[in-house]
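Data block below; observations after.
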Amino acid sequence: MAAAMELRCWGGDWGLPSVHTESLIVLAYAKFSGAKVTVSPIDWTWKTLTATVPELLCGDVAVQQPSQILNFLRKQRFNADYELSARQGADTMAYIALLEEKLRPALMHTFWVDAENYVNLTRPWFASRSPFPLNFIVPGRLASTALSRILLTKGEAPLHRITEVEGKLYSDAKECLNLLSYRLGTASYFFGNSPTSLDAFVFGFLSPLYKAGLPSSPLQSHLQQLHNLTSFCDNILALYFNADRPCPPPPVQETMDANLQKLTQLVNKESNLIEKMDDNLRSSPQHKPHRVDPKPSLASEKSSTPA
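So the sequence shown is numbered by UniProt numbering: it starts at 1 and just counts up by one.
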């Protein structure tokens, strides 16, 4: 019997099973390949402050990074790419490299470096999922890591400051989105009628950008104009993650009205029961009141006394 698999990842929001790109990639591939994975949203503690997510736990084995996790799942015979030809496998690697080089830096800038998005969306979300005092540490550390990675990979001379890099970032990202849209065309998936690892990677990269309520994002506006890519994300969510979405709680006012109605019915029922018990007591013979003769008056007592 195969060991149970547990996936530790960031939790979901915005209609997504996770807001984290790498976590979404693994979650989608597990769905595509039929792998039974128990999802455990991470709990940031001092012990796990430096942990890397997503992390797949299977028995004594712990695997990190999406590419390594997908390889591990394939070794467990959960393979969504088994029908791909050698050419399609090469194309998959090329498009994943394109996503990493062209789209990821712009996504990191959108969520972690853009001041308006970071202050109003990204930082509050990650802070609310981190216990005190890590809610002051985790978002800042992730933002610092994102900025350092952007400058390291894109800040080549003479581009040394983030403001000088932004234009190139978003230009490359829009070009990447256009290429993905052209490659997908009118098809549901990138290769054939079944989703593969490339679909998992594209879904993981695009869906947070598509679904997040970003206050400022020209890249999100560009993606929303590519309707085949947005439909691609919507179809995967509907087909593979619809049952995972929690049911929204009923409106507060409706809940109060329903509870008030139940309470009123209960009170009326108890009142009717009490009235019925009183009627039974009144009609019962042993509970009828006895008639008591009035006490004789003093005058009658004197008249009855012998002379």
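Backbone N, C-alpha and C define an ideal beta-carbon position, used for all residues, glycine too.
Every value quoted in this text rests on a predicted model; they were computed, and no experiment measured them.
Can you tell me whether residue i is helix, strand or coil according to DSSP?
| i | result |
| --- | --- |
| E55 | strand |
| S231 | helix |
| E6 | strand |
| E166 | helix |
| D199 | helix |
| L16 | strand |
| E83 | coil |
| Q224 | helix |
| G11 | coil |
| L180 | helix |
| E208 | The sequence as given places Pro at residue 208; Glu does not occur at that position. It is helical. |
| residue 309 | Within the shown structure, residues of the chain are numbered from 1 to 307, placing residue 309 beyond reach of any answer. |
| L98 | helix |
| G89 | helix |
| S217 | coil |
| Q76 | coil |
| D114 | coil |
What residue from the options has the CA that sits closest to residue i's CA?
| i | options | result |
| --- | --- | --- |
| G204 | L219, V138, T21, D114 | T21 |
| W125 | N79, V19, Y240, A94 | V19 |
| K102 | V202, A30, L237 | V202 |
| K168 | P131, A90, A127, L151 | L151 |
| S181 | Q220, E116, L229 | L229 |
| L184 | K36, D91, V37 | D91 |
Start and end of the beta strand (DSSP E) containing residue i?
| i | result |
| --- | --- |
| S40 | 37-41 |
Taking the alpha helix (DSSP H) that residue i falls in, what are its first and last residues?
| i | result |
| --- | --- |
| A62 | Note, A62: premise wrong, no alpha helix (DSSP H); beta strand (DSSP E) at 61-64. |
| Y189 | Careful: Y189 lies outside any alpha helix (DSSP H) and carries neither H nor E. |
| I150 | 138-154 |
| P105 | 104-108 |
| S23 | 21-33 |
Report yes if the C-beta distance between residue i and residue j is below 7 Å; otherwise report no.
| i | j | result |
| --- | --- | --- |
| R77 | I42 | no |
| I69 | V63 | yes |
| Y210 | C176 | no |
| A97 | A173 | no |
| A80 | F32 | yes |
| T38 | E6 | yes |
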